[in-house]
Amino acid sequence: MPIHPASTSRRYGIDRREFLRYLATVSAIPTLALRAEDKVSRNPTFKSNPFTLGVASGDPVSDGVVLWTRLVPEPFNNEVFSPTPIETRWEVAEDEGFQSVVQSGTALATPQLGYSVHVEVEGLKPHRWYFYRFHAGKESSPVGRTRTTPEPESMPERLRFAFTSCQHYETGYFNGYPHMQQEDLDLVVHLGDYIYEYAGIDNRVRKHHGGEIVDLNDYRNRYTQYRLDQDLQETHRLFPWLVTWDDHEFDNNCAGIVSEEDGVSPEEFLLRRLNAYQAYYEFMPLRRSSFPQGPDMKLYRSCTYGRLANFQILDTRQYRTDQPNGDHQKPLVGKVFDPQTTMLGREQENWLMSNLLQSTSTWNVLAQQVMMAPLNRGTPEEALYSMDQWPGYEYSRRKLLNFMHTRNIPNPIVLTGDIHTNWVNDLQVEGQSSKSPVVGTEFVGTSMNSGGNGGNKIAEFERAVGQNDFVHWHNTNRGYVSCEVTPETWTSNFRITPVVNTHGSPVETAASFVVEQGQPGAKKA
Ligand code: FE
Ligand code: CA
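Basically my numbering = 1-based index in the sequence shown + 1046.
Right, dumping it as structure tokens:
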């Protein structure tokens, strides 16, 4: 899949020669189709077992799933250890002991993609657990477990899944994951900030290797460091995941092709994005439809869970126009209502609306990054809103909610990450007016561990709870959200881990909220 520098430079309105010069410095992603005469290493030997980063699965459908691994005999050594692609064998079985293998095949691990392996398995049965493993040479991977979704036309009795976001390696341990592993889940959803791009800082709980990540090896090493965390790796092994990114997989508060730092040219910024996106693809269980095209990567997609739930997995970072009113907190005036501004980009917005119109599901879920409810964080006299979140793109926010309202989209549920605190919000077309209809419900997950232990009261947020009627609940602990979905009710259980600065924490359910089918808005359980 070639990079198209001409169309890329045209699309972003940047100097074509400059951009070609930048691209020339990058080792371009090769075509995945090998020619017959290309050599393949069928019986490689390794210094040690290359499955150090474990296995993962994701993007399940009713007859298949993506299986993932990466051959990394020596973590953090990104040198080419085999110039020829390595043949990796994979097997899928109905049982953990592999007595009943139902599918098997081979896939190539190429040096250009860091020896990552993505297999799109087809022909499986719906709504079932499966077990899978990889072999390369004489070495074998751990056994992973995964699950297909129910048949599209069926109505399953229930879906259980957990969602989380924001795992900053330096600010503590991922203490929610061992508890997530104990739950009976069909799926895990990650809403972004899977890594943080910052340089290592001394005197924290743990330390990032190296400086701020910029080139491909930096990004690869950062993902390697995170994926070596056994709590994270084990959770990938046990459940299929749906992943999307936020800003820190690339650069803080990035918007389209604009860096938050001044003095970064669009060419430098796009080159860094190309590295960030390639590494993200390499490390995540994603389909070929998400294969990076130079500095672009289509991550938005959907996952249907029978007629029970339909997940629209969104990308609110890549296609948004620059923050219309700049960053930080501002009143809701002026450019936030400009029809030229967009949070999702026209293509994704059209795709989303058409999917929502065609959806036959009871629960229509948006798995996305930034808070949608227009939270006044100022005072009643001087209302202030975060310009990095949906209210900074108020035109897009109202357009989407108004669309859901006028087209009677059943039971919209918005899942949000990014801000390291829990919120339960009713979503109204106009947030401030008590007369504005309630269209859907937003559940904001806290961070897995970003920001350290948490649990303290934050004056600004306490004030915000008081002055925003649509807020049902707010909390600053760390953890994840476990959801149980049936045709009648949606229940979100807010699991919190009181400590993250030491390894291991008890878990508590701080609150549970229920949405009843046909009645948008949350009620305390
Ligand atoms: Fe974050
Ligand atoms: Ca973020």
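The beta-carbon is built from N, C-alpha and C at its ideal position, and this holds for glycine as well.
Note that the coordinates shown come from a computational prediction; the quantities given were computed from them, not determined experimentally.
Practice task
Take residue 1453 and list the residues in its own chain whose beta-carbon comes closer than 7 Å to its own, dropping the five residues that flank it on each side.
Solution key: So the qualifying residues of the chain are 1403.
Problem - Proximity test, residue 1525 beta-carbon vs ligand 1 heavy atom, cut-off 8 Å - result: Distance from the C-beta of residue 1525 to the nearest heavy atom of ligand 1 is not below 8 Å.
Practice task
Please classify residue 1142: does DSSP put it in a helix, a strand, or coil?
Solution key: Under the three-state reduction of DSSP, residue 1142 is assigned to coil, being neither helix nor strand.
Handout entry: Alpha carbon of residue 1328 to alpha carbon of residue 1232, nearest angstrom
Key = In this structure, the alpha-carbon of residue 1328 lies about 24 Å from that of residue 1232.
Handout entry: Selected residue, minimal CA-CA separation from residue 1314, among 1474, 1330, 1297 and 1272
Key = Its Cα nearest to that of residue 1314, the residue 1297 stands out among 1474, 1330, 1297 and 1272.
Exercise for the section: Answer yes or no: the CB of residue 1464 versus the heavy atoms of ligand 2, is any distance below 8 Å? Expected result: Answer for residue 1464: yes, Cβ within range of ligand 2.
Exercise for the section: Note down, in chain order, each residue of its chain lying with its Cβ closer than 6 Å to the Cβ of residue 1414, except the 5 sequence neighbours on either side. Expected result: Closer than 6 Å at the Cβ level, and outside the excluded window around residue 1414, lie 1360 and 1362.
Practice task
Would you please verify whether the beta carbon of residue 1362 is less than 9 Å from any beta carbon of chain D?
Solution key: You won't find chain D in this structure, because it holds only one protein chain.
Problem - Local Cβ density within 10 Å of residue 1073, reported as buried at 16 or more and exposed below that - result: Model confidence at residue 1073 stands at a pLDDT of 42, short of 50, so the residue's coordinates are unreliable and nothing is read from them.
Problem - Close beta carbons around residue 1443, own chain, < 8 Å, minus the five adjacent residues each side - result: Non-local beta-carbon contacts of residue 1443 in its own chain, meaning distances under 8 Å to residues more than five positions away in sequence, involve 1389, 1418, 1420, 1436 and 1437 in chain order.
Exercise for the section: Report all residues for which the CB-ligand distance to some heavy atom of ligand 1 is below 5 Å; order them along the chain. Expected result: So the residues near ligand 1 by this Cβ test are 1212, 1239 and 1496.
Handout entry: Pair within 9 Å by beta-carbon distance, residue 1167 and residue 1178
Key = Yes. Within cutoff.
Handout entry: Residue range of the unbroken beta strand (DSSP E) whose run includes residue 1519
Key = Taken as a continuous stretch (DSSP letters only), the beta strand (DSSP E) holding residue 1519 covers 1517-1521.
Handout entry: Residues sharing a beta bridge with residue 1376, DSSP
Key = 1431.
Handout entry: Simplified DSSP state of residue 1506, which is helix, strand or coil
Key = In the three-state reduction of the DSSP assignment, residue 1506 falls in the helix class, which pools H, G and I.
Exercise for the section: Leaving aside the five residues before and after residue 1562 along the sequence, list all residues of the same chain whose C-beta is less than 6 Å from its C-beta, in chain order. Expected result: Taken in chain order, the residues that qualify are 1535.
Handout entry: Between the CA atoms of residue 1512 and residue 1423 - distance to the nearest angstrom
Key = Going by the C-alpha atoms only, they are around 10 Å apart.
Handout entry: Test item: CB-CB of residue 1159 and residue 1134 under 9 Å
Key = Not a contact, by the Cβ cut-off of 9 Å.
Problem - Supposed close pair residue 1462, residue 1491 - CB separation, criterion 8 Å - result: Right, the Cβ-Cβ distance comes to about 7 Å (below 8 Å), so this counts as a contact.
Problem - DSSP-derived helix/strand/coil call for residue 1548 - result: Here DSSP, grouped into helix, strand and coil, assigns residue 1548 to coil.
Exercise for the section: Kindly examine ligand 2 and report whether one of its heavy atoms sits closer than 8 Å to the Cβ of residue 1415. Expected result: For ligand 2, at least one heavy atom lies less than 8 Å from the Cβ of residue 1415.
Practice task
Put residue 1135 into one of helix, strand or coil per three-state DSSP.
Solution key: Strand at residue 1135.
Problem - Of the residues 1125, 1559 and 1522, the one placed nearest residue 1501, counting alpha carbons only - result: For the options 1125, 1559 and 1522, the alpha carbon positioned closest to that of residue 1501 is the one of 1522.
Handout entry: Contacts around residue 1171, its chain only, beta-carbon distance under 8 Å, and the 5 residues preceding and following it disregarded
Key = These residues qualify, in order along the chain: 1109 and 1194.
Exercise for the section: State whether the stretch 1127-1142 contacts the stretch 1293-1311, with contact taken as three or more CB pairs (one from each stretch) at a distance under 8 Å. Expected result: Judged by Cβ distances under 8 Å, the stretch 1127-1142 makes no contact with the stretch 1293-1311, as fewer than three pairs qualify.
Problem - Euclidean distance between Cα positions of residue 1509 and residue 1425 - result: Each residue's alpha carbon lies about 8 Å from the other.
Practice task
Run the proximity test for residue 1294: is its beta-carbon closer than 8 Å to any non-hydrogen atom belonging to ligand 2?
Solution key: Using a cutoff of 8 Å, the CB of residue 1294 counts as near ligand 2, since one of the ligand's heavy atoms is closer than that.
Practice task
Could you name the residues of the same chain whose beta carbon sits closer than 6 Å to that of residue 1078, not counting the 5 residues immediately before and after it, in chain order?
Solution key: Confidence at residue 1078 is low in this model, with a pLDDT of 49, below 50, so its placement is unreliable and the value that follows should be read with caution. In its own chain, leaving out the 5 sequence neighbours on each side, no residue places its CB closer than 6 Å to the CB of residue 1078.
Practice task
Ignore the nearest five residues each way along the sequence and tell me which others in residue 1176's own chain have a CB closer than 8 Å to its CB.
Solution key: If we look at residue 1176 and ignore the five residues flanking it on each side, its Cβ neighbours are 1111, 1138, 1139, 1140, 1148, 1170, 1191, 1192, 1193 and 1194.
Problem - Backbone secondary structure at residue 1398 - three-state DSSP - result: Look at residue 1398 here: in three-state DSSP terms it is helix.
Handout entry: Where the beta strand (DSSP E) through residue 1224 begins and ends
Key = No beta strand (DSSP E) contains residue 1224, which is instead part of the alpha helix (DSSP H) from 1222-1228.
Exercise for the section: Could you please give me the residues that DSSP links to residue 1097 through a beta bridge? Expected result: DSSP lists no partner for residue 1097.
Exercise for the section: Identify every run of the beta strand (DSSP E) within the stretch 1151-1187, keeping only runs that are complete inside it and at least 3 residues long; order them along the chain. Expected result: Listed in chain order, the complete beta strand (DSSP E) runs (minimum 3 residues) inside the stretch 1151-1187 are 1162-1167 and 1175-1182.
Handout entry: Inter-residue spacing [alpha-carbon to alpha-carbon] between residue 1439 and residue 1555
Key = C-alpha separation (whole angstroms): 33 Å.
Problem - residue 1564 and residue 1210 closer than 9 Å at C-beta - result: No.
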